[in-house]
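Colleague:
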Amino acid sequence: MNDHSGLARHGRYDLAPLPDAADWTWPNGARLALYVAVGIEDYAFGAGRTEDILPGTPQPDLVNASWRDYGNRVGAFALFDLLAAQGIRPAVLLNTAVYDTAPAVIAAARAAGAEFIAHGWSNSDCLAEMSPQDEAAYIAAVRARIECEEGAPPQGWSSPWLAHSPRTLDLLAEQGFAYLADLRLDDRPIRLNTRSGNLIAMPYALELNDSSTIIGRQHSARDFAEMIIDEFDELLEASTSRPLVMSVVLHSFISGQPFRLRALRRALDHIAARREGVWLATPGAIAQAAVQQERVSTP
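First residue of the sequence shown? That's 1275 in my numbering, and the numbers climb one at a time after it.
(1) Just the C-alpha distance for Leu1510 and Leu1308, rounded to the nearest angstrom, thanks.
(2) What three-state label does DSSP hand Asp1277 in the structure shown?
(3) Would you report the Cα separation of Pro1465 and Gly1471, rounded to the nearest angstrom?
(4) Count the other CB atoms within 10 Å of the CB of Pro1557; is the residue buried (16 or more) or exposed (fewer)?
(5) Is the CB-CB distance between His1525 and Glu1389 below 9 Å?
(6) Are there 16 or more other CB atoms within 10 angstroms of the CB of Pro1532, so buried, or fewer, so exposed?
(7) In whole angstroms, give me the CA-to-CA distance for Leu1353 and Leu1281.
(8) Where does His1284 land, buried or exposed, given buried means 16+ other C-beta within 10 angstroms?
(9) Have a look at Thr1514 and Pro1477 and give me their C-alpha separation to the nearest angstrom.
(10) Exposed or buried, Asp1408, counting other C-beta atoms within 10 Å across all chains shown (16 or more means buried)?
(11) Between the stretch 1536-1549 and the stretch 1486-1502, can you find at least three pairs of beta-carbon atoms closer than 8 Å?
(12) Can we say the stretch 1406-1421 touches the stretch 1334-1341, given the rule of at least three CB pairs closer than 8 Å?
(13) Shortest alpha-carbon distance to Gly1320 belongs to which of Glu1403, Ser1439, Asn1397, Ser1486?
(14) How should Gly1530 be labelled, buried or exposed, when 16 other C-beta atoms within 10 angstroms of its C-beta is the threshold for buried?
(15) Give the DSSP-derived three-state secondary structure of Ile1503 in the structure shown.
(16) What is the rounded straight-line gap between the Cα of Arg1548 and the Cα of Ala1512?
(17) With a 10 Å radius around its C-beta and 16 neighbouring C-beta atoms as the bar for buried, classify Gln1566 as buried or exposed.
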């Protein structure tokens, strides 16, 4: 037998298998909590990182820029309307540049009752490329902008490109964030190890994510809808024996395209028809409920 005791680990959480989880319920007796995150992003033109539908387009790249801009001109409003029809409050993964470049989207998100999750200033940015001082200042500035605009600081953080430096989790805890929406290590909220403060890993869909699945893996909108339905049915059944969290991650310029909305609507209709025993919540509410009941799984 090989000894793996010396295998390198990141140390941010340890193995705590699901069968060891305590049994309890979410508010209103629900067994499955579900949230939908909507990425509302902005990109620098011709600089930094981008998400492209046609990779390799020469500069000046108006084609991919227009595809991304569709989200803040059209797609975001369509997604908010679709979610509102199902009684779902969105969790908005917000690049704070949108406050200046697309204020109408911010107003629509507020009208939808959205929870704003800090998602950097621009999605052309990357924490892993910053110095320690710049990263700390960047996180603080994003948090402060949301607090100024919304009257309260954001509870959650989601990193642009899901990228981190060795310091990111420590900085988030120190700056008062309650949870990180970047990781899918479990179907429960998990407490992360930081040098000070408390930080929860909120279950975050890495595959029930239109960016990684539809753009990255080139699956169709119908494939994506079937994935949502299958995950929901499986977790709802599993939640009879343990409380779980499900998430769906959408982006305004991807799932907000008309031909994808139709398939997404079918998946959300499926969820709505079986919502008994499901808590349609925001990740902030889920984190608060878990902490209040002292039900955050420890590493």
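Heads up, the beta-carbon is just placed ideally off N, CA and C, and yes, glycines get one too.
These figures come from a predicted structure and were not determined experimentally.
Modeller: Here's the rundown:
(1) Leu1510 and Leu1308: Cα-Cα distance of roughly 10 Å.
(2) Low confidence applies here, because Asp1277 scores a pLDDT of 46, under 50, leaving its location unreliable and the question unanswered by this model.
(3) Looking at the sequence itself, residue 1465 is Arg, so the reference to Pro does not match. Roughly 11 Å between the two C-alpha positions.
(4) Note on Pro1557: 16 or more other CB atoms within 10 angstroms of its CB, so buried under the neighbour-count rule.
(5) No, Cβ-Cβ distance for His1525 and Glu1389 is not below 9 Å.
(6) Using a 10 angstroms sphere on the CB of Pro1532, the tally of other CB atoms stays under 16, which defines it as exposed.
(7) For Leu1353 and Leu1281, the distance between alpha carbons rounds to 44 Å.
(8) That one is exposed.
(9) Each residue's alpha carbon lies about 19 Å from the other.
(10) Taking a 10 Å sphere around the C-beta of Asp1408, we find fewer than 16 other C-beta atoms and assign the residue as exposed.
(11) Touching, per the Cβ criterion.
(12) In short, these stretches do not touch, since the Cβ pair count stays below three.
(13) Nearest of Glu1403, Ser1439, Asn1397, Ser1486 to Gly1320, Cα basis: Asn1397.
(14) With at least 16 other beta carbons inside 10 angstroms of its own, Gly1530 counts as buried.
(15) In this structure, Ile1503 counts as helix in the three-state DSSP scheme.
(16) Using only the alpha carbons, I get a separation of about 14 Å.
(17) Answer is exposed; the Cβ neighbour count stays below 16.
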